[in-house]
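Here is the structure we will look at.
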Amino acid sequence: MAAQDFNFLLATDSYKITHYKQYPPNVSKIYSYFECRRKKDSQFSEVVFFGLQYLLKKYLTGPVITEEKIQEAKLFYQMHFKQAVFDEEGWRKVLETMLVQMWYPITVATISREFKKILAKHLKATSGSLEGLDLKLHDFGYRGVSSQESAALGGAAHLVNFCSTDTVAGLLMAQRYYACPMAGFSIPAAEHSTIISWGRNREKEAFERVLDQFSSGPVSVVSDSYDIFNACKHIWGDKLKEQVMERSQDSCLVIRPDSGDPTETLIEVIKILEECFGCSLNSVGYKVLPSYLRIIQGDGIDLTSVDEILQKLSDEGWSAENMFFGCGSALLQKLNRDTLSCAFKCSYVETNGKGMDVYKQPVTDPSKGSKRGRLSLRRNSDGFLETIERGAGKPEEDLLVTVFENGSLVQDYSLEEIRKNARLQDEELNPILHNHEQELLHNHIFNGIH
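Residue numbers for the sequence shown follow the numbering used here, so the first one is 24 and each next one is one higher.
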């Protein structure tokens, strides 16, 4: 149900209010589409669509437009433009701006899925299975986003691909809008304040306190407040060694480095832990720390660094089983609408009952050319999605689904259904395949007149 204090007519870019005066006279229908335009140098070959249902449920269902809100908007735009430009009958034009804002959850879900591809590739290669994949990337991004709603949207988008998060707002969104009682999990974890409050000379007591307070279940301890290597070798690996070894696989200690060059630091840390606690070889010949001991890296993590870290560990003979990762700004904040070139464009109009395909084709930037006519979506014989332009699609093949009509939500998806749609395919688990090699396979636009 739309919020009572939210005025839909004011949720737009200002200039949209003036567009009804600019269309050809007697236009009766405008057909538009949302897409993520493909860039030649993009690292993404596909996108995950997520977040529309939240927008529809929160802002557009139920009584959205009232006479009071119309008059509020009329007065507001009179003051804003210093002239009468608001069309009381044409308020639906506002919808476009809200739909374009879909770029944010779509981009987060897509980046999160790219992380999953990288993690799956290394986990499969160095362990022989994908066990635990859904917990390998933890959302650390709550504190770094620009608003509570951004945290909710981005946090929920990450949960399409993983079940590990500290962003409570995302969990609440999944619960309230996507029928998932609990979409993600966390573990008790130390931060620097809970360690340094004991003083530099009592770091061992600080660590011991955490172990004692959380004797069952996994627990994570940031260990670089002073000297990560000393902490691993002389505190975890000596003074507290017995307490660590007493923990079970289900109650493992997760050590967190949080500074320095991630790759170099992790290699040194894991070597120290091997010296102190030993290791074993898994079924495919890679080294694994004892089941009561793991590492999580949350500093400096992005798509490039996580791949480099896991490749370096693999080169040194270590399995990805040993690692978990946390990601904050690179997951929820270091992105914008241009990351996936998200756009909302008009492709068809009807004037005096006559239809016409319309498009843009800038001579200065061919990549910004838009699609033409009424569109449909189909899956081709290779299993890839194709856009059919100019109304040439077959209705029986069209995969587009009506989700909102006349103020009502007509299709309600659960997070479970969305996760199923976004799951990694077999070909994406093949270490040989990379995004740029799949570019042509994933980039299908089918022009209806050819």
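C-beta: ideal position from N, C-alpha, C; glycine also. These numbers come from a predicted model, not from an experiment.
Which two residues bound the contiguous beta strand (DSSP E) that contains residue i?
| i | result |
| --- | --- |
| His161 | Leu160 to Asp162 |
| Cys369 | Cys365 to Thr374 |
| Ser51 | Val50 to Cys59 |
| Thr130 | Not the beta strand (DSSP E): Thr130 falls in the alpha helix (DSSP H), residues Trp126 to Ser150. |
| Leu408 | Leu408 to Ile411 |
| Leu176 | Note, Leu176: premise wrong, no beta strand (DSSP E); alpha helix (DSSP H) at Gln171 to His181. |
Count the other C-beta atoms from every protein chain shown that fall within 10 angstroms of the C-beta of residue i, then say buried if there are 16 or more, exposed otherwise.
| i | result |
| --- | --- |
| Ala107 | exposed |
| Gly340 | exposed |
| Glu165 | This sequence places Tyr at residue 165; Glu is not what is there. That one is buried. |
| Gly406 | exposed |
| Phe230 | buried |
| Arg279 | buried |
| Pro128 | buried |
| Phe29 | exposed |
| Asp273 | exposed |
| Glu344 | buried |
| Pro48 | exposed |
| Met125 | buried |
| Met196 | buried |
| His459 | Unreliable placement is indicated for His459, whose pLDDT of 39 sits below 50; the coordinate value is still reported in the next sentence. So His459 ends up on the exposed side. |
Any beta carbon from chain B within less than 7 Å of residue i's own beta carbon?
| i | result |
| --- | --- |
| Arg397 | The question asks about chain B, but that chain is absent: this structure has only one protein chain. |
Please report the distance separating the alpha-carbon of residue i from that of residue j.
| i | j | result |
| --- | --- | --- |
| Asp338 | Gly85 | 57 Å |
| Gly301 | Thr217 | 29 Å |
| Lys39 | Glu331 | 45 Å |
| Val426 | His161 | 31 Å |
| Glu228 | Thr286 | 28 Å |
| Cys350 | Arg61 | 26 Å |
| His474 | Ala34 | For the chain, the structure presents residues 24 to 473; residue 474 sits outside this window and is missing. |
| Tyr56 | Ala415 | 16 Å |
| Lys140 | Ser187 | 16 Å |
| Asp132 | Pro313 | Before going on, a small fix: residue 132 reads as Ala here, not Asp. One C-alpha to the other measures close to 33 Å. |
| Gly193 | Val386 | 42 Å |
| Gly308 | Lys294 | 17 Å |
| Phe138 | Ser37 | 37 Å |
| Thr89 | Glu95 | 10 Å |
| Leu276 | Arg270 | 8 Å |
| Arg401 | Lys80 | 27 Å |
| Gln384 | Val245 | 53 Å |
| Lys20 | Glu154 | The question about residue 20 has no answer, for the chain in this structure spans 24 to 473. |
| Ser431 | Leu438 | 20 Å |
| His465 | Ala445 | Low confidence applies here, because His465 scores a pLDDT of 40, under 50, leaving its location unreliable; read the following figure in that light. His465 and Ala445: Cα-Cα distance of roughly 15 Å. |
| Lys144 | Phe67 | 16 Å |
| Ala175 | Thr130 | 14 Å |
| Ile251 | Leu452 | 34 Å |
| Asn359 | Cys365 | 9 Å |
| Ser243 | Glu265 | 17 Å |
Can you name, in chain order, every residue of its own chain whose Cβ lies under 8 Å from the Cβ of residue i, other than the five neighbours on each side?
| i | result |
| --- | --- |
| Met346 | Lys159, Leu289, Arg317, Ile318, Ile319, Gln320, Ile332, Leu333 and Leu336 |
| Asp19 | With the chain covering only 24 through 473, there is no way to say anything about residue 19. |
| Leu328 | It should be pointed out that residue 328 corresponds to Ser in this sequence rather than to Leu. Closer than 8 Å at Cβ, skipping near neighbours: Pro285 and Thr286. |
| Gly376 | Ser51 |
| Tyr46 | Ile53 and Val372 |
| Trp221 | Glu228, Ala229 and Arg232 |
| Leu142 | Leu156, Lys159, Leu160, Val329, Leu333, Ala343 and Phe348 |
| Gly240 | Ile210, Pro211, Asp273 and Ser274 |
What residues in its chain sit with their C-beta under 7 Å from that of residue i, if we drop five residues either side in the sequence?
| i | result |
| --- | --- |
| Val433 | Thr425, Val426 and Phe427 |
| Ser248 | His215, Ile218, Ile219 and Glu226 |
| Tyr100 | Ile40, Val108 and Phe109 |
| Asp189 | His161, Asp162, Phe163, Tyr165 and Ser209 |
| Gly323 | Pro285 |
| Ala353 | Ile324 and Asp325 |
Suppose the cutoff is 6 Å on Cβ atoms and the five residues either side in sequence are ignored; what does the same chain contact list for residue i look like?
| i | result |
| --- | --- |
| Lys52 | Glu373 |
| Gly260 | Cys299 |
| Ile441 | Val183 |
| Lys256 | Ile295 |
| Tyr315 | Arg270 and Cys275 |
May I ask which residues mark the beginning and end of the alpha helix (DSSP H) holding residue i?
| i | result |
| --- | --- |
| Arg402 | Run containing Arg402: none in the alpha helix (DSSP H); it sits in the beta strand (DSSP E), Ser399 to Arg402. |
| Ile441 | Leu438 to Ala445 |
| Glu97 | Per the sequence shown, residue 97 should be read as Lys rather than Glu. Per DSSP, Lys97 belongs to the alpha helix (DSSP H) from Glu90 to Phe104. |
| Tyr77 | Leu75 to Leu78 |
Just to confirm, does residue i get its C-beta within under 6 Å of one of the non-hydrogen atoms of the ligand MN?
| i | result |
| --- | --- |
| Leu146 | Within the structure as shown, the ligand MN is missing, as the structure has no ligands at all. |
Sequence ranges, alpha helix (DSSP H) only - wholly within the segment 320-393, length at least 4: Counting only runs of 4 or more, we get 326-338 and 352-355.
Secondary structure, alpha helix (DSSP H): runs of 4+ residues fully inside the segment 283-307: 285-300
3 or more residues per run - each beta strand (DSSP E) lying fully within the segment 192-277: 242-245
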